[in-house]
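Undergrad:
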Amino acid sequence: MCGWRGTKTMRTCRSNPVRIGRNCKLLKVCVPLAGIDLRARVGLNDKLNCYLIGRFEAKLKLEGKFTQGGKLSMKSNRSIEQPVAAEKSRRQFLQTGARTATALLGTSVVAGCGGGNSGGSVNGGSFSSPVTNPAAENASSTASAQTAATSPFAAPLAKNPVIHSFSPAFAIRGNVIVITGAEFDSNAFVSFGGVPATKLRVDSASQISATVPESAKTGEISVRTAGGTARSSTQLVVSHAPKSADGYKLAWHDEFEGRAVDRARWSLGTNVRDDAFQTVDAVKVEDSVLKISTYTDPSTGRHHTGWLITRGLYEFRFGYIEASVRFASRPGQWGAVWLMSQANRAAEPPNPAAGVEVDIIEHRAVSKDNAADISNEFSSAVHWNGYENGKTISRGSGPQRLPEKQSFSSWHTVGVLWTPEGYQFYLDGAETPYATIKEGISLNDEYIKLTCEIKNGGWAGLIPPGGYGPLGASTNATMEVDWVRVWRP
1 MCGWRGTKTM RTCRSNPVRI GRNCKLLKVC VPLAGIDLRA RVGLNDKLNC
51 YLIGRFEAKL KLEGKFTQGG KLSMKSNRSI EQPVAAEKSR RQFLQTGART
101 ATALLGTSVV AGCGGGNSGG SVNGGSFSSP VTNPAAENAS STASAQTAAT
151 SPFAAPLAKN PVIHSFSPAF AIRGNVIVIT GAEFDSNAFV SFGGVPATKL
201 RVDSASQISA TVPESAKTGE ISVRTAGGTA RSSTQLVVSH APKSADGYKL
251 AWHDEFEGRA VDRARWSLGT NVRDDAFQTV DAVKVEDSVL KISTYTDPST
301 GRHHTGWLIT RGLYEFRFGY IEASVRFASR PGQWGAVWLM SQANRAAEPP
351 NPAAGVEVDI IEHRAVSKDN AADISNEFSS AVHWNGYENG KTISRGSGPQ
401 RLPEKQSFSS WHTVGVLWTP EGYQFYLDGA ETPYATIKEG ISLNDEYIKL
451 TCEIKNGGWA GLIPPGGYGP LGASTNATME VDWVRVWRP
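Here it is, written out as structure tokens:
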């Protein structure tokens, strides 16, 4: 008879034995549903020892018999069995079988079985002792791994699964990821960044469709089968989109993976704005990060910075946009991630539907006149009706502060959900927005802006007397962007 052991209680199944040779019986056994690795060998006196290796996700009732030609035929069906009491002799036998399997396979034993004079009745039982080295007294009923591998009764091992690719490469919870590869079985187990998928379908031996679970994180995808575990060579990027954006699909993104700014996605500014001379030299991509530097040319005394926009290249209406950013701001300067419409103009009466400035995040080092250090604060706002004096209408979040012991020298994810009902602003994947604005709702296409600006004596304080130092100096102000992504219904 057979049983299985491990960190959970052993279960056994009863049936009428099938005789195989002299003093040898093979019975129905219980093994995990996740997969079976069966090895059988013929020992001395025609005894049969078989070993069932698997996992504990569920149980399987397995029935085996030998057919003509000495082949072992296995038939299985799902079964949940209740534990039964074990006799001492049966426990001893199972321990011996487990030890023998360890010696033969060099793996963690889940099940062992044997027949003939190995001891015990058909009644199985519980067993929880740790597996140790094979017992010397059982040498007559054990054999070397080589004998097991070359036995005519040895069943072929399941092959290791392989992941070739998956799509899409970016997702939010609830999205379905299609994984392609080889050697997938019907009981495959999938996880995203170490978080198990709660819903999946094995389409074939080369394809699995799995739903990204609620708590999934950015990381590799793994597929576990009876043959082993396969891991993806690249990570699935899981967005921090709020629950209200469930079901949205990735529409546009830039991961800044090249050696320079992708001019098919971005235009670079070369204008003069307030005290800033925009220049392409202030913008670079390195180690998959976009970096905008604010510096001072010592030969001219001019202050330079960078400005990137998607106007005319990518514009959208409604969706969820997020970016991963960090700042090293300086007085007189600030960085921002924002949206703008080409139709944001003054009108009478005001018409925000024509277009709105949406400031997803603005970051400063100090307040006006350098009065206070606000480097751990940020703000969000919307502005519409153009920029003529006295005509602009604004609504904002007010000052927001990072949690204690956090700073913008580390990466933070900022985002806004823009719908016909308003705007919801999010930080670091929180389920609850830190600000909701239900006025000034743009019904027009908006483009993305990543900018640094300089204005002496404005809301960001006073420019340092010596400026920001030459390009590359430690005194440069910087804004770094790891990625930008847009998700749409």
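Counting in the UniProt record's numbering, the sequence shown runs without a single skipped number right up to 489 at its last residue. C-beta: ideal position from N, C-alpha, C; glycine also. As the structure is a prediction and not an experimental result, all values here were calculated from the model.
Please state if the CB of Ile-172 and the CB of Ala-241 are separated by a distance shorter than 8 angstroms.
TA: Their beta carbons are under 8 angstroms apart, which means Ala-241 touches Ile-172 by this criterion.
Undergrad: Indicate the three-state DSSP secondary structure (helix, strand or coil) for Ala-282 in the structure shown.
TA: Three-state DSSP puts Ala-282 in a helix.
Undergrad: Near Trp-487, which residues of its chain fall below 7 angstroms by C-beta distance, leaving aside the five closest residues on each side in sequence?
TA: For Trp-487, where only same-chain residues beyond five positions count, the Cβ hits under 7 angstroms are Ile-172, Ser-239, Ala-241, Ala-245, Tyr-248, Lys-249, Leu-250, Ala-251, Gly-319 and Tyr-320.
Undergrad: Buried or exposed: Ala-430, going by 16 or more other Cβ atoms within 10 Å of its Cβ?
TA: So Ala-430 ends up on the exposed side.
Undergrad: Using only the alpha-carbon positions, how far apart do Glu-357 and Arg-345 sit?
TA: Each residue's alpha carbon lies about 10 angstroms from the other.
Undergrad: Should the region 415–423 be regarded as contacting the region 291–304, the criterion being three or more beta carbon pairs within less than 8 angstroms?
TA: Contact fails: fewer than three Cβ-Cβ distances are below 8 angstroms.
Undergrad: If you follow the beta strand (DSSP E) that Val-481 is part of, which residue opens it and which one closes it?
TA: Counting along the chain, the beta strand (DSSP E) containing Val-481 begins and ends at 477–488.
Undergrad: Whole angstroms are fine: how far does the CA of Asn-351 sit from the CA of Phe-316?
TA: Rounded to whole angstroms, Phe-316 to Asn-351 spans 19 angstroms at the Cα level.
Undergrad: Within the continuous beta strand (DSSP E) that includes Gln-207, where are the two ends?
TA: Counting along the chain, the beta strand (DSSP E) containing Gln-207 begins and ends at 207–211.
Undergrad: Rounded to a whole number of angstroms, what is the C-alpha to C-alpha distance between Leu-402 and Glu-388?
TA: Roughly 33 angstroms between the two C-alpha positions.
Undergrad: Helix, strand or coil for Ala-241 per DSSP?
TA: Three-state DSSP puts Ala-241 in coil, outside helix and strand.
Undergrad: May I ask which residues mark the beginning and end of the beta strand (DSSP E) holding Ile-360?
TA: Run containing Ile-360: 357–364, per the beta strand (DSSP E) assignment.
Undergrad: Compare the C-alpha of Thr-225 against each of Gly-398, Asp-445 and Pro-161 and name the closest.
TA: Taking only the C-alpha atoms, the option nearest Thr-225 is Pro-161.
Undergrad: Considering only their Cβ atoms, is the gap separating Ile-208 from Ala-188 smaller than 8 angstroms?
TA: Yes, the pair counts as a contact, with Cβ atoms nearer than the cut-off.
Undergrad: Find out if the Cβ-Cβ distance for the pair Gln-333, Gly-306 is shorter than 8 angstroms.
TA: Cβ distance not < 8 angstroms, so Gln-333 and Gly-306 don't count as in contact.
Undergrad: Are the region 447–467 and the region 271–289 touching by the rule of at least three beta carbon pairs closer than 8 angstroms?
TA: Output reads yes: the region 271–289 touches the region 447–467.
Undergrad: So is Arg-263 buried or exposed if we call it buried at 16+ other beta carbons inside 10 Å?
TA: The residue is exposed, with fewer than 16 neighbouring Cβ atoms inside 10 Å.
Undergrad: Going by beta-carbon coordinates alone, are Thr-478 and Lys-284 separated by less than 8 angstroms?
TA: No. Outside cutoff.
Undergrad: Have a look at Lys-75 and Asp-185 and give me their C-alpha separation to the nearest angstrom.
TA: Any answer about Lys-75 is weak, because its pLDDT of 42 lies below 50 and its placement is not dependable; what the coordinates show is given next. Those two C-alpha atoms are separated by around 16 angstroms.
Undergrad: Rounded to whole angstroms, what's the CA-CA distance from Pro-399 to Ser-379? Just pull it up for me.
TA: Their backbone Cα atoms lie some 5 angstroms apart in a straight line.
Undergrad: With distances taken between CB atoms, is the gap from Val-337 to Val-414 smaller than 8 angstroms?
TA: In contact: Val-337 and Val-414 (Cβ atoms closer than 8 angstroms).
Undergrad: Cutting at 7 angstroms between CB atoms, please list the residues of its own chain near Ala-381, excluding the five before and the five after it.
TA: Same-chain partners within the cutoff: Asp-359, Ser-394, Arg-395, Gly-396 and Ser-397.
Undergrad: How many whole angstroms separate the CB atoms of residue 495 and His-363, which I take to be in contact at a CB cut-off of 8 angstroms?
TA: For the chain, the structure presents residues 1 to 489; residue 495 sits outside this window and is missing.
Undergrad: What are the boundary residues of the beta strand (DSSP E) that Gly-422 is part of?
TA: Its beta strand (DSSP E) spans residues 422–427.
Undergrad: Could you pull the start and end residues of the beta strand (DSSP E) that Thr-419 belongs to?
TA: Taken as a continuous stretch (DSSP letters only), the beta strand (DSSP E) holding Thr-419 covers 412–419.
Undergrad: Let me make sure I understand the geometry here. Which of Gly-194, Glu-439 and Val-481 has the alpha-carbon closest to that of Ser-409?
TA: The shortest Cα separation from Ser-409 among Gly-194, Glu-439 and Val-481 belongs to Val-481.
Undergrad: Assuming Ser-442 contacts Gly-355 under a Cβ cut-off of 8 angstroms, what Cβ separation, rounded to an integer in Å, is found between them?
TA: Confirmed, Cβ separation roughly 6 angstroms.
Undergrad: Does the beta-carbon of Trp-459 have 16 or more other beta-carbons within 10 angstroms, so that it is buried, or is it exposed?
TA: Exposed, because fewer than 16 other Cβ atoms sit within 10 Å of the Cβ of Trp-459.
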